[in-house]
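Enquirer: Take this structure, written in structure tokens, and hold onto it; I'll ask about it next.
There are 2 protein chains.
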Amino acid sequence: MRTIKVFAPATVANVVCGFDVLGFAVNAPGDEVVMRFTGKPGVTISKITGDNGRLPMNADKNTVSASVQHYLKHINRTDVGVDIELHKKMPIGSGLGSSSASTVAGLFAINELMDRPLTAMEMVPFAMKGEELACGFGHADNVAPAMLGGFVLIRSYEPLDIIKLPTPNLYCAIVFPDVDVPTRDARQMIRKNVLLKDAVVQWGNVAGLVTGLFMNDIDLIGRSMHDVLVEPTRSILIPDFYKMREMAMELGAVSFGISGSGPSVFAFTRDEQTATNITTKIQQHLTGLHIASQTYVSAVNQEGPKVIG
Amino acid sequence: MRTIKVFAPATVANVVCGFDVLGFAVNAPGDEVVMRFTGKPGVTISKITGDNGRLPMNADKNTVSASVQHYLKHINRTDVGVDIELHKKMPIGSGLGSSSASTVAGLFAINELMDRPLTAMEMVPFAMKGEELACGFGHADNVAPAMLGGFVLIRSYEPLDIIKLPTPNLYCAIVFPDVDVPTRDARQMIRKNVLLKDAVVQWGNVAGLVTGLFMNDIDLIGRSMHDVLVEPTRSILIPDFYKMREMAMELGAVSFGISGSGPSVFAFTRDEQTATNITTKIQQHLTGLHIASQTYVSAVNQEGPKVIG
């Protein structure tokens with residue numbers, strides 16, 4: 001029976017100024033799914049590694065298998081049977097689109113096994129169903145960049161309108177301080193009402209960031225990445241957020257901010273060495289505060305998921 | 001003594017979804033300034049036509065001459081003397097950047113007469129001073145596109161960060177219903193607080209519009225041009241706004257909305273004939289309501305001000 005192994009990337013949602021509408025993928029970290037035909041109908045999960053037992057093995061409840069079930073139903077192939085091994089290679093609850101990476105890897109794997117009946121864009125809604133199972137609402141700002149690669153704009157949810165943006169030639173330094181920030185709580189903290197004048201600042205910056213991506217203007221990308229609405233609240237849950245930002249900017253970061261709902265933070269840099277310097281320095285700082293952390297350095301991802309075996 | 005005649009274009013600020021950050025220029029209407037050296041220091045205004053006597057002849061109070069004074073002071077040439085004739089070729093208080101067109105024409109004229117010591121971008125702040133005189137705050141969303149031509153993003157006011165965007169190959173149908181909507185009142189009506197979820201919809205659309213301009217994707221431009229925050233309030237002051245929109249969209253408009261703070265409305269179209277059909281039909285409708293109107297059809301302006309004599 002045919003077996004396939006797929007990698008799907010971690011993602012940074014919001015991208016500082018683009019709350020709920022922007023996201024991008026990174027080359028590391030990411031999750032891996034091994035999928036094989038079983039010869040009998042139905043989707044099973046035989047193994048999950050790297051999750052410390054936190055994820056459900058029940059195929060109806062796990063976001064990876066549930067999404068694959070939706071997918072098979074959609075293409076009218078519920079006669080097909082596959083087994084899934086999920087290898088978590090990134091922390092859960094880190095704000096790096098952990099569940100999205102797993103779900104997207106699973107969907108990409110089944111679509112490959114079925115000889116690609118759907119495009120990547122067509123698979124995004126199935127991955128959003130997985131998000132709904134994982135966090136209560138079918139956000140697209142992690143699954144869309146994980147599936148499509150690069151930088152993605154979710155212009156609208158109703159109707160769903162997702163547009164791939166140019167991918168900048170930048171490196172991304174990520175630090176995950178190992179403190180617990182559940183996505184639901186992080187969302188509930190955010191004010192429901194905002195000042196129109198602050199919203200104007202925000203959409204000026206969103207427009208500036210998109211312009212910077214199209215013009216490949218790294219300075220413009222950097223000076224557009226400010227968040228006057230959400231970051232002031234979310235940063236409260238992140239240890240020494242403003243100190244970490246100061247460190248990153250002093251070391252030459254293009255920009256710095258919260259990844260998704262946190263607690264992970266990220267910096268864009270022009271080169272790999274600067275990204276490494278930033279993760280090293282911030283990790284040392286967190287260690288001094290007795291906070292464990294994980295760090296990742298990679299280029300902004302261009303291609304989305306890929307077959308690795 | 002050398003004499004120059006300059007045209008500067010009318011402009012559409014906000015562009016539906018981009019309140020206070022986006023604007024574009026049109027080829028018609030626009031204002032004209034005739035400027036000549038006088039041989040003695042100081043700026044004078046000898047003639048204003050087309051304003052029905054509404055604009056000040058006092059050189060310190062007229063936005064055109066006051067901006068030219070600021071300009072000459074900035075380049076340390078207060079020894080220079082010029083006289084200005086202003087020919088208003090568009091209605092005042094129409095929401096089409098009437099004062100901006102005049103001010104920009106004056107600044108462009110003096111810069112030409114002085115052999116271009118400043119770039120167009122460098123002159124924008126002087127035009128903003130004129131706006132401050134005209135309406136109490138130095139907005140840039142009319143003066144910047146009038147000066148630079150095409151589509152313009154004002155990413156930020158502090159510091160001022162203006163970026164020229166790609167100009168779409170579109171026509172613009174403009175209808176000015178002759179009802180009075182002072183800019184100050186139109187601004188005061190707008191709610192100071194908005195829902196974050198509505199703001200998210202808005203900046204998704206702003207990002208979509210900017211993306212559409214860069215990708216020259218007219219459908220994306222059209223579906224991004226929705227305003228859930230400001231239009232619902234401002235449209236109250238505009239007679240039969242939603243009926244006019246319905247007419248424009250039925251005739252094939254790409255999009256329809258309020259120009260600046262109104263009462264002028266505009267539609268983007270793919271061709272000139274559709275734009276003409278729209279202005280004709282809307283004008284007929286307004287005439288039936290006993291509301292006088294003026295209409296304009298032209299391409300989106302590419303070049304900004306120009307010497308015409």
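Just so you know, the sequences run in chain order A and B. As numbered in full-length UniProt numbering, residues 1 to 309 make up the first sequence, in order. As numbered in full-length UniProt numbering, residues 1 to 309 make up the second sequence, in order. The C-beta atom is built at its ideal place from N, Cα and C for all residues, glycine as well.
Round the Cβ separation of A/M90 and A/S98 to the nearest angstrom and send it over; I've been treating them as touching at under 8 Å.
Expert: Stepping through the first sequence from its first residue, residue 90 of chain A is reached at position 90. Stepping through the first sequence from its first residue, residue 98 of chain A is reached at position 98. About 6 Å; that satisfies the 8 Å criterion.
Enquirer: Listed from N- to C-terminal order along the chain, which residues in the segment 8 to 22 of chain A have their beta-carbon within a distance smaller than 9 Å of any beta-carbon of chain B?
Expert: Within the segment 8 to 22 of chain A, the qualifying residues are C17, G18, F19, D20, V21, L22.
Enquirer: Is the distance from the Cβ of B/L170 to the Cβ of B/V254 below 8 Å?
Expert: As a working mapping, residue 170 of chain B is identified with position 170 in the second sequence. As a working mapping, residue 254 of chain B is identified with position 254 in the second sequence. Their beta carbons are under 8 Å apart, which means B/L170 touches B/V254 by this criterion.
Enquirer: Could you confirm whether any beta carbon from chain A is found closer than 8 Å to the beta carbon of B/I154?
Expert: Sequence index remark: in the second sequence, residue 154 of chain B carries index 154 (1-based). By this cut-off, B/I154 is an interface position.
Enquirer: Beta-carbon within less than 6 Å of A/G18's beta-carbon, same chain only, minus the 5 sequence neighbours each way: which residues are those?
Expert: Counted from its first residue, the first sequence places residue 18 of chain A at position 18. Closer than 6 Å at the Cβ level, and outside the excluded window around A/G18, lie V206.
Enquirer: Do the CB positions of B/F83 and B/T49 come within less than 8 Å of each other?
Expert: Here residue 83 of chain B is taken as the residue at index 83 of the second sequence, counted from 1. Here residue 49 of chain B is taken as the residue at index 49 of the second sequence, counted from 1. Note that residue 83 of chain B is Asp in the sequence shown here, rather than Phe. In this structure, B/T49 does not lie closer than 8 Å to B/D83 by Cβ.
Enquirer: Got a sec, what are the start and stop residues for the alpha helix (DSSP H) A/C135 sits in?
Expert: Numbered from its first residue, the first sequence carries residue 135 of chain A at position 135. Per DSSP, A/C135 belongs to the alpha helix (DSSP H) from 120 to 135.
Enquirer: Taking C-beta pairs closer than 7 Å, name the residues in chain B that A/T233 reaches, listed in chain order.
Expert: Taking the first residue of the first sequence as 1, we reach residue 233 of chain A at position 233. Ordered by position in chain B, no residue passes the 7 Å Cβ test against A/T233, which lies about 11 Å from the chain.
Enquirer: What are the residues that DSSP puts in a beta bridge with A/T295?
Expert: Your numbering for residue 295 of chain A matches position 295 in the first sequence. Its beta-bridge partners are A/V175.
Enquirer: Pull up the CB-CB distance for B/G95 and B/G257, whole angstroms please, since I reckon it's below 8 Å.
Expert: The count along the second sequence starts at 1 and reaches residue 95 of chain B at position 95. The count along the second sequence starts at 1 and reaches residue 257 of chain B at position 257. So it is not a contact: roughly 11 Å between Cβ atoms.
Enquirer: Between B/S67 and B/T11, how many whole angstroms is the CB-CB distance? I'm expecting something under 8 Å.
Expert: The sequence position of residue 67 of chain B within the second sequence is 67, counting from 1. The sequence position of residue 11 of chain B within the second sequence is 11, counting from 1. The pair is not a contact, with the Cβ atoms about 16 Å apart (cut-off 8 Å).
Enquirer: Specify, as a first and last residue, the run of the alpha helix (DSSP H) that B/A140 falls within.
Expert: In the second sequence, residue 140 of chain B corresponds to position 140, counting from 1. First-last for B/A140: undefined, no H or E at that position.
Enquirer: Would you list the one or two residues that DSSP bridges to A/Y71?
Expert: Indexing the first sequence from 1 puts residue 71 of chain A at position 71. DSSP lists no partner for A/Y71.
Enquirer: Given a cut-off of 8 Å, decide if B/M35 and B/I45 are closer than it, judged by their beta-carbon atoms.
Expert: Indexing the second sequence from 1 puts residue 45 of chain B at position 45. Indexing the second sequence from 1 puts residue 35 of chain B at position 35. Not a contact, by the Cβ cut-off of 8 Å.
Enquirer: Counting only beta-carbon atoms, is B/A207 nearer than 8 Å to chain A?
Expert: Here residue 207 of chain B corresponds to residue number 207 of the second sequence, with the count starting at 1. Answer yes: the Cβ-Cβ gap between B/A207 and chain A drops below 8 Å somewhere.
Enquirer: Given this structure, state the Cα-to-Cα distance separating B/F266 from B/V26, to the nearest angstrom.
Expert: Along the second sequence, read from residue 1 onward, the residue named residue 266 of chain B stands at position 266. Along the second sequence, read from residue 1 onward, the residue named residue 26 of chain B stands at position 26. In a straight line, the C-alpha of B/F266 is about 11 Å away from that of B/V26.
Enquirer: Please report the Cβ distance between A/T295 and A/T269, rounded to the nearest whole angstrom; I am assuming they are in contact, meaning their Cβ atoms lie under 8 Å.
Expert: Position 295 of the first sequence, counted from the start, is the residue given in the question as residue 295 of chain A. Position 269 of the first sequence, counted from the start, is the residue given in the question as residue 269 of chain A. Actually they are not in contact, since the Cβ atoms of A/T295 and A/T269 sit about 13 Å apart, beyond 8 Å.
Enquirer: Report yes if the CB atom of A/A144 is closer than 8 Å to the CB atom of A/P305, and no otherwise.
Expert: Numbered from its first residue, the first sequence carries residue 144 of chain A at position 144. Numbered from its first residue, the first sequence carries residue 305 of chain A at position 305. Cβ distance not < 8 Å, so A/A144 and A/P305 don't count as in contact.
Enquirer: Based on the DSSP secondary-structure assignment, which residues constitute the bridge partners of A/S46?
Expert: By 1-based counting over the first sequence, the position of residue 46 of chain A is 46. Answer is none; A/S46 lacks a bridge partner.
Enquirer: Between A/F268 and chain B, is the shortest Cβ-Cβ distance under 8 Å, so that the two count as touching?
Expert: On the first sequence, position 268 is the one that residue 268 of chain A refers to. A/F268 does not count as touching chain B.
Enquirer: Going along chain A, which residues have a C-beta under 7 Å from B/G204?
Expert: Against the second sequence, residue 204 of chain B aligns to sequence position 204. Neighbours of B/G204 on chain A, chain order: V21, I154, R155, S156.
Enquirer: Is the shortest distance between the beta-carbon of A/A25 and the beta-carbons of chain B less than 8 Å?
Expert: Mapped onto the first sequence, residue 25 of chain A falls at position 25. Cβ-Cβ to chain B under 8 Å: no for A/A25.
Enquirer: Is there a Cβ of chain A sitting closer than 8 Å to that of B/V143, yes or no?
Expert: Residue 143 of chain B sits at position 143 when you count from the first residue of the second sequence. Taking Cβ atoms only, chain A never reaches closer than 8 Å to B/V143, which makes this a no.
Enquirer: Please list, in chain order, the residues of the segment 108 to 120 of chain A that have any C-beta partner in chain B closer than 8 Å.
Expert: So nothing in the stretch comes that close.
Enquirer: Relative to the alpha-carbon of A/I238, which residue among A/P168, A/G260, A/A127, A/K197 has its alpha-carbon at the smallest distance?
Expert: If you number the first sequence from 1, residue 238 of chain A lands on position 238. It is A/G260.
Enquirer: A/N193 CB to nearest chain B CB: under 8 Å?
Expert: For this step, residue 193 of chain A is matched to residue 193 along the first sequence. By this cut-off, A/N193 is an interface position.
Enquirer: Pick out the complete beta strand (DSSP E) segments inside the UniProt domain "GHMP kinase C-terminal" (216 to 285) of chain B, 3 residues or longer, and give them in chain order.
Expert: You should have 255 to 258, 265 to 269.
Enquirer: Per DSSP, what are the beta-bridge partners of B/G23 in this structure?
Expert: Position 23 of the second sequence, counted from the first residue, corresponds to residue 23 of chain B. Bridge partners of B/G23: B/A13, B/V152.
Enquirer: Just to confirm before moving on: does the CB-CB distance between A/D240 and A/H285 stay below 8 Å?
Expert: Residue mapping note: residue 240 of chain A aligns to position 240 of the first sequence, counting from 1. Residue mapping note: residue 285 of chain A aligns to position 285 of the first sequence, counting from 1. Yes, they are a contact pair.
Enquirer: Give me the chain A residues within the contact set of B/D161, using Cβ-Cβ distance strictly less than 9 Å, ordered along the chain.
Expert: Here residue 161 of chain B is taken as the residue at index 161 of the second sequence, counted from 1. What B/D161 touches in chain A: G204, G208, L220, R223, S224.
Enquirer: Just to confirm, are B/D180 and B/S293 a CB contact at a threshold of 8 Å?
Expert: Sequence index remark: in the second sequence, residue 180 of chain B carries index 180 (1-based). Sequence index remark: in the second sequence, residue 293 of chain B carries index 293 (1-based). Not in contact: B/D180 and B/S293 (Cβ atoms no closer than 8 Å).
Enquirer: Can you list, in chain order, the residues of its chain with a C-beta nearer than 8 Å to that of A/I162? Leave out the 5 residues immediately preceding and following it.
Expert: Here residue 162 of chain A corresponds to residue number 162 of the first sequence, with the count starting at 1. Answer for A/I162: M121, V124, A140, A144, L148, V152, L153, I154, R155, listed in chain order.
Enquirer: Pick helix, strand or coil for B/D198, following the three-state DSSP scheme.
Expert: Here residue 198 of chain B refers to the residue found at position 198 when the second sequence is read from its first residue. Reduced to three states, the DSSP call for B/D198 is helix.
Enquirer: So if DSSP puts B/D161 in a beta bridge, which residue, or which two residues, is it bridged to?
Expert: For the purposes of this step, residue 161 of chain B is taken as residue 161 along the second sequence, with counting starting at 1. B/D161 is bridged to B/S156.
Enquirer: Spatial neighbours of A/V64 within its chain, please: C-beta separation below 8 Å, excluding the five flanking residues on both sides.
Expert: Here residue 64 of chain A refers to the residue found at position 64 when the first sequence is read from its first residue. Within the same chain, A/V64 has close Cβ partners V33, I45, I84, L86, S102, T103, A105, G106, G130.
Enquirer: Which value, in whole angstroms, describes the spacing of the CA atoms of A/K192 and B/P41?
Expert: The residue you call residue 192 of chain A lines up with position 192 of the first sequence. The residue you call residue 41 of chain B lines up with position 41 of the second sequence. Rounded to the nearest angstrom, the two C-alpha atoms are 57 Å apart.
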